[in-house]
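See below for the structure under consideration.
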Amino acid sequence: MMMEEATISAIPTSAEGLSRIDGRAKVTGAAKYSAEYKPDGMTYAVLVGSTITKGTIATIDIKAAEKAPGVLAVVTYLNSPKVPGHQKAKNPGKPEAKSGPIKIFDDSKILYNNHPVAMVIADTFERAQYAASLVKATYNKEAHDTHPPEDISKGKEPWGGKETTRGTKDAWQNAPVKLEQEYTIPNEFHNPMELHAIIAKWDGDDKLTVWDKTQGVQATRGDIAKAFKLKNENVQVNSKFVGGAFGSALQVWPHEIAAILGAKLVNRPVKLVLSRPDMFTAVGYRPYTWQKIGMGATADGKLVGITHQAAGQTSSYEDFAEGPVNTSKGLYACPNVTTHYKIVSLDVGTPTWMRGPGEATGAFALESALDELSYKLKIDPIKLRLINYAKVDPEDGKPYSSKYLDEAYEMGAKQIGWDNRKAEPAANLHNGWLVGYGMGGGMFGAYRDKASVKAIMGANGMLTLQTAVSDIGPGTGTAMTLIAAKELGISPDKVIFEMGDSSLPEAPMQGGSATTATVGGAVYDACRDLKQKFQKLIGNGGSDNPDYAKVLKDNNLPSLDVTVQSSLGSEGRKYSMQSWSVHFTKVLVHPTTGVVKVDKVVCVADSGSIVSPKTARSQIVGGAIGGIGMALMEEGVIDQRYGRYVNNNLADYHVPVNADIPQIEAMFVNKPDPQINAMGAKGMGEIALIGMSAAIANAVYNSTGKRVRDLPITPDKLI
Ligand code: MOS
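Residues in the sequence shown are numbered from 279 upward in steps of one, following this note's numbering.
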């Protein structure tokens, strides 16, 4: 039996818009990624990882490696130059603490499997790799613990992670209809197509240039400057194109420090590209998280209480914390909510943020539990959500800046054909496959940070916009171009957007779904001010959208520019600002083999105005695909005996491929948020994924009557 032709739906006519301004450069190979630069005299570094998980290096023999052809240096903790400004985490475990200790080759300690013990630098990559194979280490081995948490008893409370209660503690226990269940998600890896890579080049002792995969050129500049005690202005960070990151490039990692100190040692530029297996230990991951939800309601579906406990893993040397329990505090109007979050230190690398960090984890548990409750109550899952619809922020009573999630429910239900869903599970057998429908929703803070943009109108009528943001793939330049073109009344092909360069005007990292709201808000403000400058030149009677080139010529000016810093005004802080989404899925499950085929996906986002329809659509499609991976495939498997990942490559760590992806429809409420910025645009990167894994788990239950509470939902769990 074949499912419907697997295609991504054609771009709907209502979503006409500018195609990616960098699309041609990317598909023709003209776009240069960090590893593709070639400064004169470049050398190549390869890391050697530990074969044990915990202990110390007893001996390390680098003689053979040093004698191998082309080798310039072999760095170990015994001979490594010290990094003068090693950082310690300021508030360990604080969710916003972006960098902890970034030590490498600092001492003999082994803290996780594949911990770097040496770095070989040679004149070619192949020679470096060969020499790396000659480095021999022996270890004093200690017993390791890589077993993920089974409850919160062994955990510690991270910064700000105390138990909290709104209303009465554990009130769900006294509700007429209730449930208590445990949910787990495994370690999941960002696995962007582009490997993490850095090229480091020193000019003398105090000037450094890096081409680096990073989500924030200026944040990286600041961290590197601190680590090497350099002035900010003497560190240049370039990251013109980034081939996906999903959170893995939000901080400086030890391999970046290694390349920089290596370049100093050999006095030549050093390139270091992580191997795919290294990507599983060197740049973070979504942490394994155990969760338990107690939930109770009245017989007519009013939530009485939710208790949400979570324990996520972290490393032994750094506290990583996120917010898996936050969704339970904020998504529904529930009077009594108790949350408790802990982290458990293991002999593993430190996790990090991954698309929908915390919320994607929490929404899997919360939205699965709510679905379970809907069957107990015999109330339709959408209706149950509407009964408990939050009209104001349930945590602090603040009004929302905008919320049209109810409209999103309605749009999505219609589009997926929710009427075809059978309320009884395992009751819809069609052509030998069990058919089921499910839904899951989510929210994520709609942030607008501070950003500066320089807008320059040239004599040729071309507008150049400059700001130090990175673009990890969502199409930032395209969205910014559209905002500027609209505000100035010029054609998008008259806009040049420059970014990915730490010397440009100040901009934050690309993270937390904040770029369109933040940088877009600043682009808008800069264009507005530039236009006013032109209007002043023209004087009274100037047209709304003047011929900018002509005005410059008439006034004998080569160009006109403004630099504007902009951020959320104080008015905005009176509101709770969130982006919302709901995912609907139709799945087919084979009763004999347990194979799950996602047949159709509809995602509706309530993220304010849509400034760039095509890239917004692909953002939603990409998030939905990530959610399919999270629901059905992704799982980093550790062999507990050795503390080592056994599927640390893209053949064994499964992600969805084209054949796994059905028709995905992205829909937008597309109503402006009046508070966040002039365009009314909120973020959508995280909400594109949050809620998707529950939507699939819920559809699998509707299809089979089997509730899978531990991701991923692989066939063995269904037969
Ligand atoms: Mo995102 S996890 O802020 O890249």
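Beta carbons are placed, not taken as given, at the ideal position from N, Cα and C, and that holds for glycine.
Our two residues, TRP480 and ALA541, have alpha carbons roughly 7 Å apart in a direct line. Of the candidates ALA724, ALA800 and ALA705, ALA800 places its Cα closest to the Cα of VAL731. LEU743 and PRO602 have their C-alpha atoms roughly 37 Å apart. Judged by DSSP in its simplified three-state form, GLY574 adopts strand. Of the residues assessed, VAL305 falls on the exposed side of the cut-off, its CB having fewer than 16 other CB atoms within 10 angstroms.
Checking the DSSP bridge columns, you'll see GLN744 partnered with LYS732 and GLU776. In the structure shown, the three-state DSSP call for LYS485 is strand.
Nearest to ALA409 by C-alpha distance, out of ALA400, GLY333 and THR841, is ALA400. Counting along the chain, the unbroken beta strand (DSSP E) around CYS881 starts and ends at 874-884. Within the same chain, and ignoring the five residues on either side of GLY872 in sequence, the residues whose Cβ sits closer than 6 Å to its Cβ are PRO993, LEU996 and ILE997. Taking all protein chains in view, the Cβ of HIS422 is crowded by 16 or more other Cβ atoms within 10 Å, so the residue is classified as buried. For TYR315, the closest of VAL842, LYS509, ARG499 and PHE519 by C-alpha to C-alpha distance is PHE519. Of ALA611, VAL530 and ILE584, the smallest CA-CA separation from ASN452 is found for ILE584. In the DSSP assignment, THR337 is bridged to THR416. If you ignore the 5 residues before and after GLY961, its C-beta comes within less than 8 Å of the C-beta of PHE722, ALA724, TYR725, GLY790, SER791, ALA792, THR793, THR794, ALA795, SER857 and SER885, all in its own chain and listed in chain order. By the criterion of a C-beta distance shorter than 6 Å, ASN948 is surrounded in its chain by ILE888, once the five residues flanking it on both sides are discounted. Annotation: LEU967 to TYR461 spans about 18 Å, alpha carbon to alpha carbon. The beta-carbon separation of ASN512 and TRP489, rounded to 16 Å, does not stay under the 8 Å limit for a contact. For LYS809, the uninterrupted alpha helix (DSSP H) segment begins and ends at 793-816. Nearest to ALA346 by C-alpha distance, out of PHE862, ILE382 and LEU412, is LEU412. Look at GLN496 here: in three-state DSSP terms it is helix. In this structure, DSSP gives GLU404 a helical state, which the three-state scheme calls helix.
By DSSP's assignment, ALA396 forms a beta bridge with VAL326. Taking the Cβ of GLY901 as the reference point, every heavy atom of ligand 1 lies at 8 Å or farther away.
Of GLU650, PHE506 and PRO532, the smallest CA-CA separation from ALA575 is found for GLU650. For LEU838, DSSP records a beta bridge to MET735.
Contact annotation: LEU648 and THR982 have beta-carbon atoms that are not nearer than 9 Å. The beta carbon of ASN614 sits closer than 6 Å to those of GLY445, THR446, ALA449 and GLY583, all from its chain and outside the five residues before and after it, given in chain order. LEU835 counts as exposed, since fewer than 16 other beta carbons sit within 10 angstroms of its beta carbon. Three or more Cβ pairs closer than 8 Å define a contact, and the stretch 503-510 meets that threshold against the stretch 469-486. Taken in chain order, the complete alpha helix (DSSP H) segments of 4 or more residues contained in the stretch 518-576 are 532-544. Scanning its chain for C-beta atoms nearer than 8 Å, with the 5 sequence neighbours on each side dropped, one finds around LYS656 the residues ALA701, in chain order. Annotated three-state conformation of ILE906 is helix, per DSSP. For GLY525, the CB falls within less than 8 Å of some heavy atom of ligand 1. Minimum Cα-Cα distance from TYR610 among the listed residues SER593, ASP674, PRO362 and VAL551 corresponds to ASP674. The DSSP-derived three-state label of LYS700 is coil.
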